[in-house]
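Numbering (the numbering used here), first residue to last: 3 to 1170.
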């Protein structure tokens, strides 16, 4: 049983004795019931939570200055200005005018032990019921011999002598050494991986996928499959080449006799295609009928390989004593095709005198001695040299260095004189041995590398081995050592035994059409010809057997959805569909019809596979994962990296364009699996690498805060959910996507009320809803759900605990609380204000969209319009940066940006506009600039009455906890006193315009006093508006009825307008009358003593909110979005409800508003 203790704070009441009793009971433990499997597992992993009682009293936030003297001084400094909403933060957020004046100084501030394969192969229950014999294969027959059979192949018999002749002994030895070193290093890495646990069927694919993850595993597995398939095509082409050129040339459907150049080459390729297709069909049929026949023939094919190699070594030994007789005929220094003549001479002496030979007839127009002959034939002598001079002949010195040819070049002997003219055209070209392809060093690497593949044969049979962890390393490394010795020794032996022109004669045309390596074999060339034919056929059958099973293993893993059909097969599990696909791909290789063209293709796929085997071993070693405990100890990460580097180098040496194509194929498969493949978690090394890289990056991030140039909003998006755990504000995530565009960190969080144990299912449901909505809105990030005893604490926990190290949020996005004036529960807006205080204390930016439902979705497009920025105080540049980020998204891309700033009486508005334009130019932000002048004005009567209504509502809210009757009496007394204070002012003496609104009956009013007090806070007192402006015409921004032109026709300098909207219990409308402007002013002074009881600080803030709202409405009523500085909450909590009213008045009448608070640091800079 595993126990985890989590200590957390909570406001809940838990007695220590209860906790101690629960802990004692837990440690006593009860045995799980035998019948409850899943329940037993759940109880087996117990979690103990010790809940400690904590103080839930809120503490005052330290960033706020509570000095009353400082507040009074600041109040005097900003009295009469329109900055009362922001004056408490002027020391940290200066006015824009003071910022612009110092523009020059602007600076930067695993699953468990149960493997996936058990769960995914449940449909094979019937096969498991059959008795299975214990594996009996040892190292020799289980690993060593299969590797020998797969490594020795067609290249050794058909191309090895040609490679030595073209590349020279030194060049070819370098190629062999590089390739063998690569496979040896890969075998060391593979041995480490194979001994780090059981490797089921699948071999290299299984090892790579479980070490590097399903994406890499699938990509490299398919590449390995393609390599194995094309290897089958190469073996089949090799077998057909042996058949048509060396065994039975007369079987050619397209005869080669009499054809020259391109025609002869085309006929040969067509023969290869026809016979290759026939042989492929036969082999596929054998594999389909039964693999058991292939396995039974495997030993026969292996015996053919071993006997052929022994015959070559025996022939080499024999050449030291008695070299075989394989003469080569040279005309000058050119090698002649020895097929249609018998004697290497122009004429021969006979009883009848000098007689011309068959060779004469080949170069002359008649057999007569006076015939017209080829000029080169006449000027040069015929020479017959021994094709196999023997190991003691010293021919090695001539074969040390390479001889590279272009296609169609003559195969000539070095160090031999020849009489020819430089510009003389080549005639009778079909009489000479010519180079069939252009040769160069990198081509030789690509052709040779397939001869060292096959090192995975032992690991593929790990299930049949008695001790796989011992046999695989020993058998594989021994097989590679053996084959490497054979290859390296054969390079020297071929160079020391065979004449250079014979080595460079790919098809043995100069030695009577014999297989060149066959001329060296003892006792007969046919040993090599027949043995190599059967070994290539066997290797082709092995490829057609192994490749479909590899594809089936990939398909059954389910990581590539498009391949799922190939996971099915016959009743006995044989991969029928996979075999069909393999045959089709193999046919594409056969249609190429050239062994030299197919070999580099499969070299790419095998090299890529080996490269990732080395990478897997190096990663696991460097990451030091706890599960990395291979029994094979002779490995090191440096060896693996060296092997990986060699593989990558050889890929580009072989063919740079094939390497790019192979990488593109692997990369495409990788991305396909990543986006469309099934989710798999195999504890692979890439996950570990990602974790290590993330840890390293987080540690680096935590060292210092990001530079201003690197700052971007890392959002914590706070959303609320309904009872069904569905997100209530989905447009909030749309706005997140538009702000982020997939960049940076995004954490979407929500809070639940209750205890975690009781609400665990709700937590999971909420997480799923968040994940689903994030996918729908294409928001890349993380989601987090926090449960606490109350919503306030849960939100606070989200704010504090989200993120990790330096990867934390620096901005909070939360929606404006909806309907905060309605209902009895006023906790919603109180939580919001506390959230504002906490973000300020944590130096986090805050974004508050109002009317979030009116914001556009990601599918909408604005074809025109403006994004208006009202820059009132400097907030570190947030107001500049956010519109720029929004305009990167296609929703806002066609909107233009306008920036408004406010100038006071003592500000130079012209200079401010000039400075702001320069500032934006340096910021590389394109925007229109406007400076709005807000002159000092008297505080209107409407402002006083609006403040009076607000304070009366505050008094009502304080009585929330009274009984219903007490609350009704309290509201009625407040309302009556308000009406009385207004009626005492003799409104008939002032120029008025009255609008009588019917009041509900008293009975109805008493039925729902709470609703009226919350939903209509402005209705109990009268609404009074006074606009007194000596410089501009009156432009009221309140719901009052405007005057007609005739009624308002006073002189501009003396214009005084008062509008009353009063509820008058059935009183008739008072006609606009005979009052004078002097009477109005007198009435104001009569009213003022009643207003002096109001909080003067609230009056000034209300005045600022109304004045700013009036200007914003005038300038930005048609804007698609308005961004505005969000003033901070009051220092003490007695005026929280007033703060919400100020913000409501400030944004009244605007459709889309984004209130922004800076995080206390610069987020945008003019410097590069």
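Note that the Cβ used here is the ideal one computed from N, Cα and C, for glycine as well.
To the nearest whole angstrom, what separates the beta carbons of residue i and residue j, a pair I think is in contact under 8 Å?
i, j, result
"residue 853", "residue 740", "16 Å between Cβ atoms; not a contact."
"residue 538", "residue 149", "Actually they are not in contact, since the Cβ atoms of residue 538 and residue 149 sit about 17 Å apart, beyond 8 Å."
"residue 542", "residue 153", "With 8 Å as the limit, residue 542 and residue 153 do not qualify as a contact, their Cβ atoms being about 15 Å apart."
"residue 503", "residue 209", "No, residue 503 and residue 209 are not in contact; Cβ-Cβ is about 46 Å, not under 8 Å."
"residue 235", "residue 246", "So it is not a contact: roughly 16 Å between Cβ atoms."
Answer yes or no: do residue i and residue j have a C-beta to C-beta separation smaller than 8 Å?
i, j, result
"residue 226", "residue 207", "yes"
"residue 303", "residue 424", "no"
"residue 813", "residue 837", "no"
"residue 231", "residue 588", "yes"
"residue 1148", "residue 1100", "no"
"residue 435", "residue 507", "yes"
"residue 904", "residue 934", "yes"
"residue 703", "residue 747", "no"
"residue 452", "residue 233", "yes"
"residue 1124", "residue 1145", "no"
"residue 505", "residue 401", "yes"
"residue 557", "residue 546", "no"
"residue 522", "residue 499", "yes"
"residue 775", "residue 735", "yes"
"residue 197", "residue 471", "yes"
"residue 534", "residue 310", "yes"
"residue 328", "residue 404", "no"
"residue 428", "residue 379", "no"
"residue 177", "residue 612", "no"
"residue 213", "residue 618", "yes"
"residue 851", "residue 818", "yes"
From this set, the options, which residue's C-alpha is nearest residue i's C-alpha?
i, options, result
"residue 398", "461, 495, 474, 857", "495"
"residue 876", "1128, 631, 409", "1128"
"residue 722", "442, 644, 653, 816", "816"
"residue 866", "851, 1120, 634, 315", "1120"
"residue 338", "637, 768, 511, 799", "511"
"residue 326", "520, 833, 229, 649", "520"
"residue 315", "357, 489, 349", "489"
"residue 366", "359, 788, 376", "376"
"residue 785", "791, 792, 803, 793", "803"
How long is the line joining the alpha carbons of residue i and residue j, rounded to whole angstroms?
i, j, result
"residue 51", "residue 695", "Residue placement at residue 51 is flagged as unreliable, the pLDDT there being 40, under the threshold of 50; the coordinate-derived value follows with that caveat. So the alpha carbons of these two residues sit roughly 33 Å apart."
"residue 901", "residue 795", "38 Å"
"residue 673", "residue 606", "20 Å"
"residue 486", "residue 191", "18 Å"
"residue 593", "residue 602", "15 Å"
"residue 442", "residue 652", "14 Å"
"residue 899", "residue 927", "9 Å"
"residue 364", "residue 381", "15 Å"
"residue 182", "residue 193", "16 Å"
"residue 305", "residue 291", "24 Å"
"residue 561", "residue 527", "50 Å"
"residue 318", "residue 396", "14 Å"
"residue 583", "residue 555", "14 Å"
"residue 571", "residue 289", "13 Å"
"residue 168", "residue 324", "27 Å"
"residue 789", "residue 755", "6 Å"
"residue 413", "residue 432", "12 Å"
*Could you name each continuous alpha helix (DSSP H) segment of 4 residues or more that falls completely within the segment 565-640, going from the start of the chain to the end?*
Within the segment 565-640, complete alpha helix (DSSP H) segments of at least 4 residues are found at 578-594, 597-625, given in chain order.
Point to revise | Ranges of the alpha helix (DSSP H) found wholly within the segment 725-789, counting only runs of at least 4 | key: 733-742, 762-778
Original post:
Unbroken beta strand (DSSP E) runs of length 3 or more, entirely within the segment 511-541: which are they?
Top reply: none
- Message: For a minimum of 4 consecutive residues, which ranges assigned as the alpha helix (DSSP H) are wholly contained in the segment 811-856?
- Response: 829-843
- Curious, which full-length alpha helix (DSSP H) runs of at least 4 residues does the segment 189-274 contain? 206-214, 216-243
Worksheet item: Hey, which unbroken runs of the alpha helix (DSSP H) at 4 residues or more fall wholly within the segment 1097-1138?
Response: 1098-1118
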